[in-house]
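Report on the structure given below.
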Amino acid sequence: MSTSQPGNNASKTVALKFNQGSLWSWIQKILVFIIFSLVVNHLSTPESFPNGESYRFPTIGFLSTIVLCILIGTIAELNFRFYKKKYFSKKVDIASISRYMLSTLGYITIMYIPLGIVLNKIAGGETEFYYLLIGLLITLLVSFILIGLAYSLDIYNLYKVSIKDHEITIESGAKMTKLTYENIACFFSENKIVYTVQNDGTILTTDFTLNELEEKINDQLFFRANRQIIIHKDAVDQIEKIENGKLRLRLKAPIKNDAIAEINISRYKRQAFMTWFQ
């Protein structure tokens with residue numbers, strides 16, 4: 002007689018919720034593509050206005066726009082997955098979102114130019130640079146609006162996760178501990194061992210180096226104060242100006258270790274720290 006394992010059931014539940022969320026996200030994107038195609042084609046020509054006497058459903062235009070939306074959506078999705086893994090998992094801000102949009106529009110441009118020339122040749126027309134440029138500009142404008150509508154919620158959810166709820170797995174030998182960013186006060190290195198300090202003062206050893214952690218964590222929340230320590234923004238309790246343009250920090254966490262009881266920021270890092278902290 003077999004018995005179900007609670008851990009397996011929990012994993013299945015999480016997987017099911019993830020799949021349902023992913024499916025609903027795709028349904029939302031498909032609905033956006035369809036509605037966008039309908040609106041664009043009904044506004045493009047006078048005979049396509051629903052209230053007009055000579056109204057005709059723009060079948061060819063609608064299907065053409067759907068195909069274009071699928072191509073744009075495929076490029077946007079592949080690029081979004083790349084950015085989600087490489088950039089958005091660490092930081093979601095105006096700069097990273099702008100890079101995502103610009104790179105996606107760049108890939109669409111690369112796709113559009115040869116495709117436009119080929120389709121023009123197939124149709125028996127001559128490729129004129131002026132019309133090719135106008136078509137490209139219209140396509141990029143449509144793409145910008147479409148990508149904004151389709152991915153704004155995904156990016157916002159990633160932003161919320163990266164700021165507060167994101168987790169990091171602290172590995173220490175055979176043990177692994179998951180901590181959310183908001184529960185971490187700092188990481189510090191002493192005698193070539195890196196420690197994680199929680200807000201309640203609990204200290205865990207980790208197999209990561211500070212350089213490896215700096216690559217993993219969100220730099221909107223964490224700052225590399227010096228060679229020995231990375232601090233969380235919300236963990237800073239007091240900032241004091243000291244000699245030679247330096248700053249001295251005190252953390253809120255009850256830390257007994259003298260090495261990080263007071264943290265110094267050099268005058269070279271002072272401006273970067275104040276920009277990050279504010």
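Each residue of the sequence shown is one higher than the one before, counting from 2 in our numbering.
Virtual Cβ for every residue (Gly too), placed ideally from N, Cα, C.
This one's a predicted model, so the numbers in the text were calculated from it and none came from an experiment.
Are the CB atoms of Ser173 and Leu211 within a distance shorter than 8 Å?
In the sequence shown, residue 211 corresponds to position 210, counting from 1. In the sequence shown, residue 173 corresponds to position 172, counting from 1. No. Outside cutoff.
Which listed residue (Ile240, Thr66 and Met102) has its alpha carbon closest to that of Glu263:
Along the sequence shown, read from residue 1 onward, the residue named residue 263 stands at position 262. Nearest of Ile240, Thr66 and Met102 to Glu263, Cα basis: Ile240.
Pairing CB atoms from the stretch 179–195 with CB atoms from the stretch 134–147, are three or more of them under 8 Å?
no
The stretch 128–139 / the stretch 192–200 touching (three or more Cβ pairs under 8 Å)
no
Between Ala96 and the rest of its own chain, which residues show a CB-CB distance below 7 Å, the 5 nearest in sequence each way excluded?
What you label residue 96 is simply residue 95 of the sequence shown in a count that begins at 1. Counting only Cβ-Cβ distances below 7 Å, and skipping sequence neighbours, we find nothing.
Distance check for Gln229 and Arg288, CA to CA, integer angstroms please.
The displayed coordinates of the chain run from 2 to 279. Any statement about residue 288 would go beyond what the structure contains.
For Ile156, I'd like the list of residues in its chain whose CB is within less than 7 Å of its CB, leaving aside the five on either flank, ordered along the chain.
Indexing the sequence shown from 1 puts residue 156 at position 155. So the qualifying residues of the chain are Val93 and Ile98.
Residue of Asn245, Tyr152, Ser190 and Ile76 minimising C-alpha distance to Leu32:
For this step, residue 32 is matched to residue 31 along the sequence shown. Closest in C-alpha terms to Leu32, from the list Asn245, Tyr152, Ser190 and Ile76, comes Tyr152.
Could you pull out every residue in the same chain whose Cβ sits closer than 6 Å to the Cβ of Ile1, ignoring the five residues on either side in sequence?
The first residue shown for the chain is 2 and the last is 279, placing residue 1 beyond what the model contains.
Pairwise C-alpha distance: Ile111 and Asn192:
Here residue 192 is taken as the residue at index 191 of the sequence shown, counted from 1. Here residue 111 is taken as the residue at index 110 of the sequence shown, counted from 1. Answer to the nearest angstrom: the Cα atoms are 52 Å apart.
Within 10 angstroms of its Cβ, does Thr276 collect 16 or more other Cβ (buried), or is it exposed?
Here residue 276 refers to the residue found at position 275 when the sequence shown is read from its first residue. So Thr276 ends up on the exposed side.
Of the residues Asn219, Leu103 and Ser190, which one's Cα is nearest the Cα of Thr207?
As a first step, residue 207 is located in the sequence shown; it is residue number 206 there, counting from the start. The candidate whose alpha carbon is nearest that of Thr207 is Ser190.
Extent of the continuous beta strand (DSSP E) to which Tyr196 belongs:
For the purposes of this step, residue 196 is identified with residue 195 of the sequence shown, where counting begins at 1. In the DSSP annotation of this structure, the continuous segment of the beta strand (DSSP E) that includes Tyr196 starts and ends at Ile194 to Gln199.
Put Arg228 into one of helix, strand or coil per three-state DSSP.
Position 227 of the sequence shown, counted from the first residue, corresponds to residue 228. Arg228: coil per DSSP, three-state reduction.
Let's test the definition: count the other Cβ atoms within 10 Å of the Cβ of Thr140 and tell me whether it reaches 16, buried, or not, exposed.
Position 139 of the sequence shown holds residue 140. Buried, by the Cβ-count rule.
Enumerate in chain order the residues of its own chain whose CB-to-CB distance from Gly22 is below 7 Å, with the five nearest sequence positions on each side excluded.
The residue you call residue 22 lines up with position 21 of the sequence shown. Bear in mind that a pLDDT of 49 at Gly22, under 50, signals an unreliable position, so the number given afterwards is only what the model happens to contain. Annotation for Gly22: no residue places its beta carbon closer than 7 Å to its own, counting only its chain and skipping 5 residues before and after.
I need the straight-line Cα distance from Ile123 to Ile114, nearest angstrom please.
Here residue 123 corresponds to residue number 122 of the sequence shown, with the count starting at 1. Here residue 114 corresponds to residue number 113 of the sequence shown, with the count starting at 1. Distance between the alpha carbons of Ile123 and Ile114 is about 14 Å.
Closest by C-alpha distance to Ile118, when choosing among Gly136, Phe223 and Tyr101:
Stepping through the sequence shown from its first residue, residue 118 is reached at position 117. Nearest option by C-alpha distance: Gly136.
Going by DSSP, what residues sit across from Val237 in a beta bridge?
Against the sequence shown, residue 237 aligns to sequence position 236. DSSP lists Leu252 as partners of Val237.
Using a Cβ-Cβ cutoff of less than 7 Å, which residues in the same chain neighbour Tyr108 once the five nearest sequence positions on both sides are dropped?
As a first step, residue 108 must be located in the sequence shown, where it is residue number 107. Cβ neighbours of Tyr108 beyond the five flanking positions: Ile76 and Asn80.
Just the Cα atoms here: how many angstroms apart are Glu215 and His233?
The residue you call residue 215 lines up with position 214 of the sequence shown. The residue you call residue 233 lines up with position 232 of the sequence shown. If I take the Cα positions, the gap works out to 12 Å.
Under 7 Å Cβ to Cβ from Thr105, same chain only, skipping five residues before and after it: list those, please.
As a position in the sequence shown, residue 105 is number 104, starting the count at 1. The answer, listed in chain order, is Ile76, Ala77, Asn80 and Ile148.
What number of angstroms, rounded off, separates the C-alpha of Lys176 from the C-alpha of Thr170?
To locate residue 176, count along the sequence shown from 1; it is residue 175. To locate residue 170, count along the sequence shown from 1; it is residue 169. The straight-line gap from Cα to Cα measures roughly 10 Å.
Kindly indicate which three-state DSSP category Leu180 falls into: helix, strand or coil?
Taking the first residue of the sequence shown as 1, we reach residue 180 at position 179. Residue state, collapsed to three classes: strand.
Going by DSSP, what residue range makes up the beta strand (DSSP E) through Leu205?
If you number the sequence shown from 1, residue 205 lands on position 204. Per DSSP, Leu205 belongs to the beta strand (DSSP E) from Ile204 to Thr207.
Give me the residue from Lys217, Gln279 and Tyr269 with the minimum Cα distance to Phe89.
Residue numbering aside, residue 89 sits at position 88 when the sequence shown is read from its first letter. Considering only alpha carbons, the answer is Lys217.
Looking only at C-alpha atoms, which of Arg251, Ala236 and Thr178 sits nearest to Phe209?
Here residue 209 corresponds to residue number 208 of the sequence shown, with the count starting at 1. It is Thr178.
Determine the direct distance from the alpha carbon of Thr66 to that of Asp1, and round the result to whole angstroms.
The structure shown has nothing for residue 1, since the chain only spans 2 to 279.
Going by Cα to Cα distance, which pick from Leu159, Gly246 and Leu222 is closest to Tyr84?
Reading the sequence shown from its first residue, position 83 is the one you call residue 84. Tyr84 has its Cα closest to that of Leu159, out of Leu159, Gly246 and Leu222.
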